[in-house]
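*Asks:*
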Amino acid sequence: MRRVIGIDVHRTFGEVVFWEDGRLRHAGRIDMTRTALEGFGKTLLASDEVVVEATANSMAVSRVLAPFVARV
């Protein structure tokens, strides 16, 4: 089962969607703080792929989430 997580990055929050089993589901917002991103990362699977919007904060988000998933 392949799962892809998309994050639309804003300055203080990110909108999260999950694509799984051919279905897209809105997963809400996460704060754009290291603590919140690490907490979110711990809920992900090691086989997950994360897609992050290319914006000013995208590299920081990628670095925090990379240890938790297969690919960012």
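Position one of the sequence shown corresponds to residue 0 (numbering that gives the first Met the number 0), numbered consecutively onward. We put the CB at the ideal spot given by N, CA and C, even for glycine.
1) What first and last residue would you give for the alpha helix (DSSP H) that runs through Gly40?
2) Counting along the chain, where does the alpha helix (DSSP H) carrying Leu64 start and finish?
3) With a CB to CB cut of under 7 Å and the five nearest residues on each side skipped, what residues in its chain are close to Arg24?
4) Let me know if Asp30 comes out buried or exposed under the rule of 16 or more other beta-carbons within 10 Å of its beta-carbon.
5) Just to check my reading of the structure: Ser61 and Val50 have Cβ atoms closer than 8 Å, yes? What is that Cβ distance to the nearest angstrom?
*Replies:* In short, the structure shows the following:
1) 33-41
2) 57-64
3) Val16, Phe17
4) exposed
5) Contact flag wrong, Cβ pair sits at about 10 Å.
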